[in-house]
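The structure appears below as structure tokens.
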Amino acid sequence: MCFYDSYVMACGCEKWGHFRRHCSKEYRTGETCGMKLVMNRYQSTENCKICTKIDVKERSIRKAEEELGRIRFGQPEQRKKEQYISPTGETREDRKLQDDYAKEEARIQEMKMESRRSTRYVTKHGRQKSDFGICFCFFVTDSSKYFKVENPNSRVVIPYRFTSNGTKAHPAIDLSCQQIRLFELTSITGASTIEGAFRLVSLSASVTYAALSYTWGNPDENKLIQVGGKRLAIPQNLWWFLHSWDSSKIEKPNLFWIDAICINQANLLERNHQVGLMKQIYRNAMRVILWLGQEANNSDLAMEFMATKGSVPLKRKGYGFRKLWTRDEGKALLVLCERGYWMCIWIIQEIIHARQITVLCGKKSFEWNSFENLYGKLKTLELRSWILHHEYAAVILYSSASVMVWQRAHWRHPETSAPRLRTLLETFEDWQCSDIRDKVYGLLGLVGQDAAVVVDYSKSAEELYDELRTQGLGYKLIIGNDYLWFCRLFRRVLKLAEYR
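Each number in the working numbering corresponds to the 1-based position in the sequence shown with 32 added.
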């Protein structure tokens, strides 16, 4: 049986927490054996959401019953007496009180029925709360057979296969296995209408698809597309890609994996699950497409150079080499290599794990091996002390794009061992992300198999730091002052207050 954390709420309800350790039973990669065993049990001081909601309803019922008893058996206030006395002096108090009592009783009965419906729903659906698969007990005072719930086995239970909450645009996926959504671009009409559909597949199946590597851009700039007849908002930069891709000359796959489309970002549990699969998603993709953005700053000239001359070998000229490019080509290539895309933390694992890479900017494209060949030529010029004779060559060699060329070649080399988290943090400390926790989650796909950290966006940066520090991830051999230095590096990366 696989081991999980367990949380006991103040109301007595119990729910499963994070996965901690696999058992020895055979299972497919990324899947548990189907049985749960409590590894750590934690006590919470808060009630669960459903119990809190029902407690509020019960308090309302008790308050209404007290009011009903006061009306039925108590003396009405003086102003109510005056209201019920006719001008002739004849009282209608008894008849009015009977009407009020009947109305109050009907209202209380409706409140009770609503509370019972809520309780029945919770019991029937196995106590699903928020976005977690939960198994725990619920106690009510009602004697009806519909509301009595027996205590579950407190240590070992067999969980059900739970699914993510589907939305109008996103069909529900099975989070107990490696299931993902793939996006199929069906049609683009004019300059505004983009239509597509979802297909649910498992990563263990042989499905041909392409994965997109890009940046989201300004979160306030969104466009609408139609997916399965439903409207879905996507980043404007992604919307530009879909238009450029439709008119590009690249061999087009039928299916895409694009995080902004294929992941329901509003569902925290699904987001954790899918981000944890990104390493396998990009590794299994037929090709990874690097979208650098729209054409700008003479980028078409740079893309044409890379496509036609990037792999052309160096030509000797006397004691040196012929020029690689013209001044305009060199300047355009430098701007292309310093685009904001190259400094995004998420592209690191997307580029390193990709089988085949196609770089796309505007409507122009080239293959990644052109970048590798250009990098090799620039290193040759540097070793021969001839790089200063080529305008822009030195700055291009040390640009952000060239760093990623070297990183991909280095970490994919068969003799290169899996890096430690400390090494990655030192290397990519200046890379950017919108969520500071992605400085860690975006690099976990490169760390070795001993990285027992589960992606969980419900944790704060401080909690994430404590988890990694406790587990000793990335600094198992670090002692003394070196250990303290790493802790300070980690806190600086997560923008936490440094230790004094």
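Beta carbons are placed, not taken as given, at the ideal position from N, Cα and C, and that holds for glycine. Treat the numbers as computed from the prediction; the structure is a model and nothing was measured.
For the ligand COA, is there a heavy atom less than 7 Å away from the beta-carbon of residue 321? Ligands displayed in this structure: none; no statement on the ligand COA is therefore possible.
Segment contact, 8 Å Cβ cut-off, at least three pairs: the region 241-248 with the region 362-382: Touching, yes.
Could you check what DSSP says for residue 258 in three-state terms: helix, strand or coil? Residue 258 falls in the strand class under three-state DSSP.
Alpha helix (DSSP H) segment containing residue 382, residue limits: Looking at the DSSP string, the run of the alpha helix (DSSP H) that includes residue 382 is 379-384.
Skipping 5 residues on each side, what residues in its chain have a beta carbon closer than 7 Å to that of residue 422? These residues qualify, in order along the chain: 355, 356, 413.
Which two residues bound the contiguous alpha helix (DSSP H) that contains residue 434? Unbroken alpha helix (DSSP H) run through residue 434: 432-443.
Using only the alpha-carbon positions, how far apart do residue 53 and residue 445 sit? Using only the alpha carbons, I get a separation of about 30 Å.
Taking the beta carbon of residue 534 as the centre, do at least 16 other beta carbons fall within 10 Å, making it buried, or is it exposed? In this structure the chain extends from 33 to 532, so residue 534 is not present and cannot be described.
When you compare each of 335, 406, 419, 433 to residue 383 by their alpha carbons, which one comes out closest? From the listed residues 335, 406, 419, 433, the smallest Cα separation to residue 383 is found for 433.
Starting from residue 232, trace the beta strand (DSSP E) in both directions and tell me its first and last residue. Under the DSSP assignment, residue 232 falls in the beta strand (DSSP E) whose first and last residues are 225-234.
Go ahead and pull the three-state DSSP assignment for residue 479. Here DSSP, grouped into helix, strand and coil, assigns residue 479 to coil.
Taking a contact to mean a Cβ-Cβ separation below 8 Å, would you say residue 390 touches residue 282 in this structure? For the 8 Å CB-CB criterion, residue 390 and residue 282 form a contact.
Using the three-state DSSP reduction, which class does residue 495 fall into: helix, strand or coil? In the structure shown, residue 495 sits in a helix (DSSP, three-state: H, G or I).
Residue 415 to residue 408, Cα distance in whole Å? Whole-angstrom Cα-Cα distance: 11 Å.
Give me the Cβ distance between residue 315 and residue 242, rounded to the nearest whole Å; I'm assuming they're in contact under 8 Å. Their Cβ separation, rounded to whole angstroms, is 13 Å, which puts residue 315 and residue 242 out of contact at 8 Å.
To the nearest angstrom, report how far apart residue 219 and residue 290 are at their CA atoms. Going from the Cα of residue 219 to the Cα of residue 290 covers about 17 Å.
So, is residue 442 buried or exposed, given that buried needs 16 or more other C-beta atoms within 10 angstroms? By the 10 Å Cβ count, residue 442 comes out exposed.
Assign residue 352 to one of three DSSP states: helix, strand, or coil. Look at residue 352 here: in three-state DSSP terms it is strand.
Sorted by chain position, which residues of the same chain lie with C-beta nearer than 6 Å to residue 273's C-beta, five sequence neighbours on each side aside? Contacts found: 323.
Pull up the CB-CB distance for residue 396 and residue 335, whole angstroms please, since I reckon it's below 8 Å. Confirmed, about 3 Å.
For the region 298-354, list the alpha helix (DSSP H) runs that are entirely contained and at least 4 residues long, ordered along the chain. If we require 4 residues or more, the alpha helix (DSSP H) runs fully inside the region 298-354 come out as 300-308, 310-316, 331-341.
List the DSSP bridge partners of residue 53. Under DSSP, residue 53 takes part in a beta bridge, and its partners are 35.
Quick one: what does DSSP say residue 452 is sitting in, helix, strand or coil? Residue state, collapsed to three classes: coil.
Could you give the DSSP three-state label for residue 187: helix, strand or coil? Summary for residue 187: the model assigns pLDDT 35, below 50, so the residue's position carries little reliability; its value from the coordinates is reported in the next sentence. Reduced to three states, the DSSP call for residue 187 is coil.
Relative to the C-alpha of residue 309, which residue among 529, 293, 235 is closest? For the options 529, 293, 235, the alpha carbon positioned closest to that of residue 309 is the one of 235.
Within 10 angstroms of the Cβ of residue 134, are there 16 or more other Cβ atoms? Answer buried if so, exposed if not. With fewer than 16 other Cβ atoms within 10 Å, it is exposed.
Do you know whose CA, among 142, 256, 351, lies nearest residue 268's CA? Residue 256 is the option with its Cα nearest to residue 268.
Cβ-based neighbour list, residue 428, same chain, cut-off 7 Å, excluding 5 preceding and 5 following: Excluding positions up to five away in sequence, the list reads 365, 366, 369, 410, 434.
Identify the residues that DSSP records as bridge partners of residue 12: which are they? A question about residue 12 goes unanswered here, because the residues of the chain that appear run from 33 up to 532.
Please report the distance separating the alpha-carbon of residue 35 from that of residue 486. Whole-angstrom Cα-Cα distance: 13 Å.
Could you work out which residue in 399, 393, 293 is closest to residue 537 when comparing CA atoms only? The chain is shown only over 33 to 532; residue 537 falls outside these bounds and no answer can be derived.
Would you report the Cα separation of residue 142 and residue 41, rounded to the nearest angstrom? Cα atoms of residue 142 and residue 41: separation of roughly 29 Å, rounded to the nearest angstrom.
Rounded to whole angstroms, what's the CA-CA distance from residue 50 to residue 37? Just pull it up for me. Going from the Cα of residue 50 to the Cα of residue 37 covers about 5 Å.
Looking at residue 379: is its Cβ nearer than 8 Å to the Cβ of residue 475? Taking 8 Å as the cut-off, the Cβ atoms of residue 379 and residue 475 do not count as close.
When burial is assigned at 16 or more other CB atoms within 10 Å of the CB, is residue 488 buried or exposed? Its Cβ being crowded by 16 or more others within 10 Å, residue 488 is buried.
Mind checking residue 228: buried by the 16 CB within 10 Å criterion, or exposed? With 16 or more Cβ atoms within 10 Å of its Cβ, residue 228 is classed as buried.
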